[in-house]
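Peer 1:
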Amino acid sequence: MKTLQASSIVWHDCISPTKDELLGLQKRYKFHLLDIEDCLSVHERPKIEEYSSYIFLVFHIPYMGKGGRLVKEELNIFFGRDFVVTVHDGQVPFMQQLQKQISSSKKKREEYLEQGTAFFVYKLMHDLFFTGFPLVEEMMRDLRLLEETLFQSEEQRGILAAILKLRRNIIIMRSILFPQRSIIALLEHKSRVFSSDDIGMYFDNILDALERQWSVLETAKEMSEALQATHESWLSHKTNSVMRILTVVSVTLLPLTLIASVYGMNIRLPLQQHPSAFSLILAGMFVILTGFLGYFSWKKWL
423 MKTLQASSIV
433 WHDCISPTKD
443 ELLGLQKRYK
453 FHLLDIEDCL
463 SVHERPKIEE
473 YSSYIFLVFH
483 IPYMGKGGRL
493 VKEELNIFFG
503 RDFVVTVHDG
513 QVPFMQQLQK
523 QISSSKKKRE
533 EYLEQGTAFF
543 VYKLMHDLFF
553 TGFPLVEEMM
563 RDLRLLEETL
573 FQSEEQRGIL
583 AAILKLRRNI
593 IIMRSILFPQ
603 RSIIALLEHK
613 SRVFSSDDIG
623 MYFDNILDAL
633 ERQWSVLETA
643 KEMSEALQAT
653 HESWLSHKTN
663 SVMRILTVVS
673 VTLLPLTLIA
683 SVYGMNIRLP
693 LQQHPSAFSL
703 ILAGMFVILT
713 GFLGYFSWKK
723 WL
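According to my numbering, the residues represented by the sequence shown are 423 to 724, in order.
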């Protein structure tokens with residue numbers, strides 16, 4: 423646990439804390455035991471809980487993991503009139519960077535810690551959620567690139583996997599943003615208890631950013647669905663083309679195979695004793711082959 427003290431507030435940043443560390447903070451700040459259990463649980467839904475002396479928040483923060491897969495990190499926040507406690511697993515790079523910046527920069531310390539706990543939570547939420555814009559923009563760029571590849575390239579290998587991977591990232595991002603829009607809206611009103619300023623308008627700025635990200639994700643969702651449907655149609659068309667060619671070949675060769683099989687039997691057959699029997703049979707097979715191919719071309723099946 424790292425602690426930063428300012429003139430008016432103290433910030434405890436708990437990275438993968440033990441149960442004993444959290445219970446120590448619980449005794450000091452009178453946290454509810456259920457909130458401590460939420461911090462220790464692996465997957466907790468985003469929520470806001472208001473008490474007489476503090477507010478407890480659970481947020482999910484998106485970031486890009488290995489292999490271009492979007493992952494989310496849980497961030498728990500307790501804040502009262504003179505303290506802020508953040509609990510996380512240390513996977514979000516921004517939290518580590520912020521801790522170092524505030525520790526080493528007097529200007530950053532004044533910017534974040536000298537204007538009250540509600541404003542500090544606002545700054546924290548602002549910086550965290552605004553990191554979603556580059557992620558959303560990257561998804562849109564990937565969609566446009568896939569669209570160009572789908573319609574301009576004959577090589578379609580790997581496109582379906584790329585589309586499904588991108589759709590997974592979009593679904594995760596939507597699942598993160600959807601519940602947190604309502605939480606920020608509630609926080610806009612509840613945080614005023616611990617701030618003398620009109621802090622609500624600041625949280626409204628975060629809500630507006632989330633709404634804009636949600637709007638872009640709606641477009642991305644529709645585009646990804648359309649791309650997948652288009653790719654599946656292309657695969658179906660290609661499969662039908664291959665099956666049509668195979669059918670034409672099979673139908674064309676069937677009578678030729680039948681003639682060859684009949685004349686391979688050890689019985690008396692027409693033209694069997696004719697001196698030009700072989701040439702006549704080949705000519706007949708050629709006429710049949712030409713007739714079938716001509717008919718298929720006339721029907722535009724080739």
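A virtual CB, placed ideally from N, CA and C, is assigned to each residue, including glycine. Note that the structure is predicted; figures quoted are calculated from it, not measured.
(1) Kindly indicate which three-state DSSP category Gln635 falls into: helix, strand or coil?
(2) According to the Cβ coordinates, are Leu568 and Ala583 closer than 8 Å?
(3) Beta strand (DSSP E) containing His482: first to last residue?
(4) Cβ atoms of Phe505 and Phe453: under 8 Å apart, would you say?
(5) For Thr425, which residues in the same chain have their Cβ closer than 6 Å to its Cβ, ignoring the five residues on either side in sequence?
(6) Please list, in chain order, all residues of the same chain as Arg566 whose beta carbon is under 8 Å from its beta carbon, the five residues on each side excluded.
(7) How would you label Glu610, buried or exposed, when you count the other beta carbons within 10 angstroms and need 16 or more for buried?
(8) Would you identify the three-state DSSP class for Glu536, choosing helix, strand or coil?
(9) Throw me the rounded Cβ distance for the Ser430 and Gly538 pair, which I believe falls under 8 Å.
(10) So which of Phe478, Leu678, Leu586 and Thr669 has the shortest CA-CA distance to Met645?
(11) Assign Val480 to one of two classes, buried (16 or more other C-beta atoms within 10 Å of its C-beta) or exposed (fewer than that).
(12) Since Met595 and Leu492 should fall inside the 8 Å C-beta cutoff, what is the C-beta to C-beta distance between them, to a whole number of angstroms?
(13) When you compare only the Cα positions, how much space is there between Leu445 and Ile458?
(14) Quick test of the definition: if touching needs 3 or more C-beta pairs under 8 Å, does the region 515 to 527 touch the region 631 to 641?
(15) Mind pulling the beta strand (DSSP E) runs of 3 or more residues that sit fully within the region 430 to 483?
(16) If you reduce the DSSP assignment to three classes, tell me which class His611 lands in.
(17) Can you name the residues that DSSP bridges to Thr508?
(18) Is Met687 buried or exposed, if buried means 16 or more other CB atoms sit within 10 Å of its CB?
(19) Do Ile605 and Pro468 have their beta-carbon atoms positioned less than 8 Å apart in this structure?
(20) Give the straight-line distance between the Cα atoms of Tyr534 and Glu633, rounded to the nearest whole angstrom.
(21) Could you give the DSSP three-state label for Lys494: helix, strand or coil?
(22) Around the Cβ of Thr508, are there at least 16 other Cβ atoms within 10 angstroms (buried) or fewer (exposed)?
(23) Can you check whether the CB of Leu572 is closer than 8 Å to the CB of Ile581?
(24) In terms of alpha-carbon separation, which member of Tyr717, Ala682, Phe718 and Ser637 lies closest to Leu704?
(25) Checking 8 Å against the spacing of the C-beta atoms, do Val543 and Ser474 come in under that value?
(26) Counting along the chain, where does the alpha helix (DSSP H) carrying Lys522 start and finish?
(27) Which of the three DSSP states, helix, strand or coil, is assigned to Gln695?
(28) Under 8 Å, do Leu678 and Leu711 count as touching if we go by C-beta distance?
(29) Please state whether DSSP places Thr425 in a helix, a strand or coil.
(30) Among Ser438, Gln427, Ser463 and Glu559, whose alpha-carbon lies nearest the alpha-carbon of Ser525?
Peer 2: For this structure:
(1) In this structure, Gln635 counts as helix in the three-state DSSP scheme.
(2) With contacts defined by Cβ atoms closer than 8 Å, Leu568 and Ala583 do not form a contacting pair.
(3) Ile477 to Met486
(4) no
(5) Taking Thr425 as the centre and dropping the five residues before and after it, the same chain places the C-beta of His434 closer than 6 Å to its C-beta, in chain order.
(6) none
(7) buried
(8) DSSP places Glu536 in coil when its eight states are reduced to three.
(9) 7 Å
(10) Leu586
(11) buried
(12) Contact flag correct, Cβ pair sits at about 6 Å.
(13) 7 Å
(14) No contact exists between the region 515 to 527 and the region 631 to 641.
(15) 432 to 437 and 469 to 472
(16) Three-state result, His611: helix.
(17) Asp435 and Ile499
(18) exposed
(19) yes
(20) Linking Tyr534 to Glu633 through their CA atoms gives a straight-line distance of about 25 Å.
(21) strand
(22) buried
(23) yes
(24) Ala682
(25) No.
(26) Pro515 to Ser526
(27) coil
(28) yes
(29) strand
(30) Gln427
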